[in-house]
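To start, the structure under review is shown below, and the notes come after it.
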């Protein structure tokens, strides 16, 4: 799909949502083709630096979708600057600064949030919270751009399965991104395809890629997700042959093949079983 609203002079804002579910990453590290969070982070940071190097006015933000809550890894506060970090003459300053901030803040996230790291809590990464934070951040940044040169997009790096309990807020985020013309790209690093993220990518005009070889994550990122919105008009990017458009019922929060809606009030409430009385218009 052509993005006619873009040009080669645009400034590109990339907001990365990194799934930091420790249980999923632990399983990924033990998979047939293992990939730990540390190894993945090294490749992701190379991708971030590649994005920043394409244009001098490109920018990036990184959000951790953690168990129980989401948190910005970069940027944090306006008062933080590159003056506080030790310069390495062999590294471009902005590359070093972004790398240090992401790594240190991710370490703080795991060191301070041990209460959430109990498997018996049943908590899942708050992808909806991270998407909401990304959309709010993009809205704040683009409001400052009177000329409309900033072209944002979101990249979700996912390792967790679907969470039917997040279906409603997730769809609200997806339609908000669609209305704001913000593509949502998805890189499924580990596990089965995520139906809701497939829908997010399809509805917003983004790219969905499932990584078959985890050790080649960097190649997937560079080839599929590095091109900006303008360059994508001239490239043959991966497309989804099949998209799982199933929804989650509102009663039991389970993904269903067939749902039932009230024919009187056309309520958006979706039931997994037929009921003679609608809970909305009764």
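Numbering (the numbering used here), first residue to last: 378 to 659. For each residue, glycine too, the CB sits at the ideal point set by N, CA and C.
Quiz item: Can you give the Cα-Cα distance for residue 635 and residue 652, rounded to whole angstroms?
Solution: The count along the chain shown starts at 1 and reaches residue 635 at position 258. The count along the chain shown starts at 1 and reaches residue 652 at position 275. Approximately 14 Å, taken between the alpha carbons.
Practice problem: Along the beta strand (DSSP E) that carries residue 534, what are the first and last residues, could you check? | Solution: The residue labelled residue 534 in the question sits at position 157 within the chain shown. Its beta strand (DSSP E) spans residues 527-535.
Quiz prompt | Own chain partners of residue 385 with C-beta closer than 6 Å, once the 5 adjacent residues on each side are dropped | solution = Within the chain shown, numbered from 1, the residue matching residue 385 stands at position 8. Hits under 6 Å: 607.
Quiz item: Does the beta-carbon of residue 523 have 16 or more other beta-carbons within 10 angstroms, so that it is buried, or is it exposed?
Solution: Position 146 of the chain shown, counted from the first residue, corresponds to residue 523. Exposed, by the Cβ-count rule.
Quiz item: Going by alpha carbons, who is nearest to residue 536 out of 589, 579 and 511?
Solution: What you label residue 536 is simply residue 159 of the chain shown in a count that begins at 1. Among 589, 579 and 511, the Cα nearest to that of residue 536 is on 589.
Quiz prompt | Collapsed DSSP secondary structure at residue 621 in the structure displayed | solution = What you label residue 621 is simply residue 244 of the chain shown in a count that begins at 1. Residue 621: coil per DSSP, three-state reduction.
Quiz item: Hey, residue 534 and residue 393: beta-carbon distance below 8 Å or not?
Solution: Reading the chain shown from its first residue, position 157 is the one you call residue 534. Reading the chain shown from its first residue, position 16 is the one you call residue 393. Cβ atoms of residue 534 and residue 393: closer than 8 Å.
Quiz prompt | Separation of residue 623 from residue 637, as counted between CA atoms | solution = Translated into the one-based positions of the chain shown, residue 637 becomes position 260. Translated into the one-based positions of the chain shown, residue 623 becomes position 246. When rounded, the distance between both Cα atoms is 13 Å.
Quiz prompt | Whether residue 396 touches residue 447 by CB criterion (8 Å) | solution = The residue you call residue 396 lines up with position 19 of the chain shown. The residue you call residue 447 lines up with position 70 of the chain shown. Contact: no.
Quiz item: In terms of residues, what are the limits of the alpha helix (DSSP H) holding residue 507?
Solution: The residue given as residue 507 occupies position 130 in the chain shown. That run of the alpha helix (DSSP H) goes 504-520.
Quiz item: Quick one, which of 402, 436 and 486 has its alpha-carbon nearest residue 449's?
Solution: Translated into positions along the chain shown, residue 449 becomes position 72. Minimum Cα distance to residue 449 is reached at 486.
Practice problem: Would you check if the distance between the CB atom of residue 512 and the CB atom of residue 564 is smaller than 8 Å? | Solution: Translated into positions along the chain shown, residue 512 becomes position 135. Translated into positions along the chain shown, residue 564 becomes position 187. No, the pair does not count as a contact, with Cβ atoms beyond the cut-off.
Practice problem: Along the alpha helix (DSSP H) that carries residue 479, what are the first and last residues, could you check? | Solution: The sequence position of residue 479 within the chain shown is 102, counting from 1. Secondary structure note for residue 479: its alpha helix (DSSP H) is the uninterrupted segment 470-489.
Practice problem: Note the first and the last residue of the continuous beta strand (DSSP E) segment covering residue 556. | Solution: Translated into positions along the chain shown, residue 556 becomes position 179. Residue 556 -> not in any beta strand (DSSP E); alpha helix (DSSP H) instead, spanning 544-556.
Quiz item: Starting from residue 393 and walking both ways along the beta strand (DSSP E), at which residues does that stretch end?
Solution: Residue mapping note: residue 393 aligns to position 16 of the chain shown, counting from 1. Start and end: 388-396.
Quiz prompt | N-terminal and C-terminal residue of the beta strand (DSSP E) that residue 584 is part of | solution = Sequence index remark: in the chain shown, residue 584 carries index 207 (1-based). That residue, residue 584, is in no beta strand (DSSP E); it is neither H nor E in DSSP.
Practice problem: Give the C-beta separation of residue 389 and residue 520 to the nearest angstrom, bearing in mind that I take them to be a contact with Cβ-Cβ under 8 Å. | Solution: One-based indexing of the chain shown puts residue 389 at position 12. One-based indexing of the chain shown puts residue 520 at position 143. Not really, about 17 Å apart at Cβ, beyond 8 Å.
Quiz item: If you measure from the beta carbon of residue 485 to each beta carbon in chain D, is any gap under 8 Å?
Solution: This model lacks chain D altogether; it includes just one protein chain.
Self-check item: Between the CA atoms of residue 604 and residue 525 - distance to the nearest angstrom
Solution: Along the chain shown, one-based indexing puts residue 525 at 148. Along the chain shown, one-based indexing puts residue 604 at 227. Distance between the alpha carbons of residue 525 and residue 604 is about 19 Å.
Practice problem: With a threshold of 16 other CB atoms inside 10 Å of the CB of residue 507, please say whether the residue is buried or exposed. | Solution: As a working note, residue 507 is residue 130 in the chain shown. Buried, because 16 or more other Cβ atoms sit within 10 Å of the Cβ of residue 507.
Quiz item: Is residue 410 buried or exposed, if buried means 16 or more other CB atoms sit within 10 Å of its CB?
Solution: Position 33 of the chain shown, counted from the first residue, corresponds to residue 410. Its Cβ having fewer than 16 others within 10 Å, residue 410 is exposed.
Practice problem: Give the DSSP-derived three-state secondary structure of residue 421 in the structure shown. | Solution: For the purposes of this step, residue 421 is taken as residue 44 along the chain shown, with counting starting at 1. Helix, per DSSP.
Exercise. With DSSP collapsed to three states, give me the class of residue 593.
Key: Counted from its first residue, the chain shown places residue 593 at position 216. Note: residue 593 maps to helix in three-state DSSP.
Quiz prompt | Helix, strand or coil at residue 447 [DSSP, three-state] | solution = The residue given as residue 447 occupies position 70 in the chain shown. Residue 447: strand per DSSP, three-state reduction.
Quiz item: Who are the near neighbours of residue 617 in its chain, counting only those whose CB is closer than 8 Å to its CB and skipping five residues on each side?
Solution: Position 240 of the chain shown, counted from the start, is the residue given in the question as residue 617. In the same chain as residue 617, and ignoring 5 residues on each side of it, the C-beta atoms closer than 8 Å to its own belong to 575, 578, 579 and 585, in chain order.
Quiz prompt | Cβ shell of residue 391 (< 7 Å), same chain only, five flanking positions each side left out | solution = Within the chain shown, the letter at position 14 stands for residue 391. By the criterion of a C-beta distance shorter than 7 Å, residue 391 is surrounded in its chain by 428, 437, 530 and 532, once the five residues flanking it on both sides are discounted.
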